[in-house]
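Taking our numbering, the leading residue of the sequence shown gets 1468, the next gets one more, and so forth.
For each residue, glycine too, the CB sits at the ideal point set by N, CA and C.
Here is the structure we will look at, set down as structure tokens.
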Amino acid sequence: MIRYAMLLLLLSGCHLFTPKPELGMILAVETTDPVVQQKTETTIRKRLANAEIRGSSVQSRPDGKLQVLLPRISDREALKELLTRQARLEFRLVDEKESSVFESIELPANSRVKRERETFDDGSSDHSNVEHFLVAPKQRDLESVLTELKLANGLEVVFGDDRGQVRTYLLGEAKLTNDSIESADIELDEMVMQYIVLIRFNEQGAQLLEKTTKENVRHKLAMVLDGRVISAPVIAESISGGSARISRGGLGNPQHTETQTRNLAAMLSAGALPVPVTIESERTLTQ
1468 MIRYAMLLLL
1478 LSGCHLFTPK
1488 PELGMILAVE
1498 TTDPVVQQKT
1508 ETTIRKRLAN
1518 AEIRGSSVQS
1528 RPDGKLQVLL
1538 PRISDREALK
1548 ELLTRQARLE
1558 FRLVDEKESS
1568 VFESIELPAN
1578 SRVKRERETF
1588 DDGSSDHSNV
1598 EHFLVAPKQR
1608 DLESVLTELK
1618 LANGLEVVFG
1628 DDRGQVRTYL
1638 LGEAKLTNDS
1648 IESADIELDE
1658 MVMQYIVLIR
1668 FNEQGAQLLE
1678 KTTKENVRHK
1688 LAMVLDGRVI
1698 SAPVIAESIS
1708 GGSARISRGG
1718 LGNPQHTETQ
1728 TRNLAAMLSA
1738 GALPVPVTIE
1748 SERTLTQ
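Below, the structure is given as structure tokens:
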């Protein structure tokens, strides 16, 4: 009986180790729609749970803002990103054929924008796919020469990083989004000793991924995070497993920490924020 009582005491005592809140934040949510406000609150709560930040809480206020209480966090910037980043993920096909439109753009003699092309085998013996694109040191350099560009319906120029510069991608409409994600977890790729985000799609998403990749072998499928291309690999074969992976290198910064990678998985698993969220104030809580 004594051992049983001690076991109960130990089990109940586990709650004593929950960190006390030391940081308070007020988040402004850019909507007055109570349904959207509730969805935003739920999404942020899921993100904190997925990131395993124990001792955190999220509570709505009468003015529509959110009050967040948190334990001591060493990486404050990663925390702010977890709370406010939209984390909208899209899978979009690169339109290599229409990308020739970049060749028609007139570039000033002193322009820092350069035309480039990438050729890759399309699987046949007598033809290769050619992707045209523009590259420059800064995004504003590209934006300055794209003002008069006319595109076919459904196409959009999206920017991405390329060997220390910024480049253009001509993309079609989204084939898959966060709505098709069932879960996202962090794993260690032992081949390169880097953390990756492994995304698993729901049944409908898995079927759509398989159909899209089957019909577009030897074409590029871009992963777009919050309006920026983070990876655009060539589809080698149909993907039937219902999963995809994002490497740390694909996140645009090879120095991403495990915490940042874990937070990205937490955000993707919880879902994209439906509206912009900003940190209005933060303060240290007195004990």
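Annotation for R1584: the continuous beta strand (DSSP E) segment containing it runs K1581 to D1588.
For S1567, same chain residues with a beta-carbon under 6 Å away, outside a window of 5 residues either side, are H1599 in chain order. For A1737, the uninterrupted alpha helix (DSSP H) segment begins and ends at E1725 to A1737. Straight across, the Cα-Cα distance linking T1509 with L1740 is about 10 Å. Counting along the chain, the unbroken alpha helix (DSSP H) around R1514 starts and ends at P1501 to N1517. Taking a 10 Å sphere around the C-beta of R1521, we find fewer than 16 other C-beta atoms and assign the residue as exposed. For the 8 Å CB-CB criterion, V1580 and L1601 form a contact. The Cβ atoms of A1651 and A1732 sit closer than 8 Å to each other. The alpha carbon of N1577 has as its nearest neighbour, out of L1643, T1498 and D1608, the alpha carbon of D1608. In this structure, I1663 keeps its C-beta atom at 8 Å or more from the C-beta atom of R1695. D1542 has its alpha-carbon roughly 10 Å from the corresponding atom of E1548. Collapsing the DSSP output to three states places S1611 in a helix. Each of H1686, E1570, L1533 and K1681 was checked against the Cα of I1706, and the nearest Cα belongs to K1681.
Collapsing the DSSP output to three states places G1491 in a strand.
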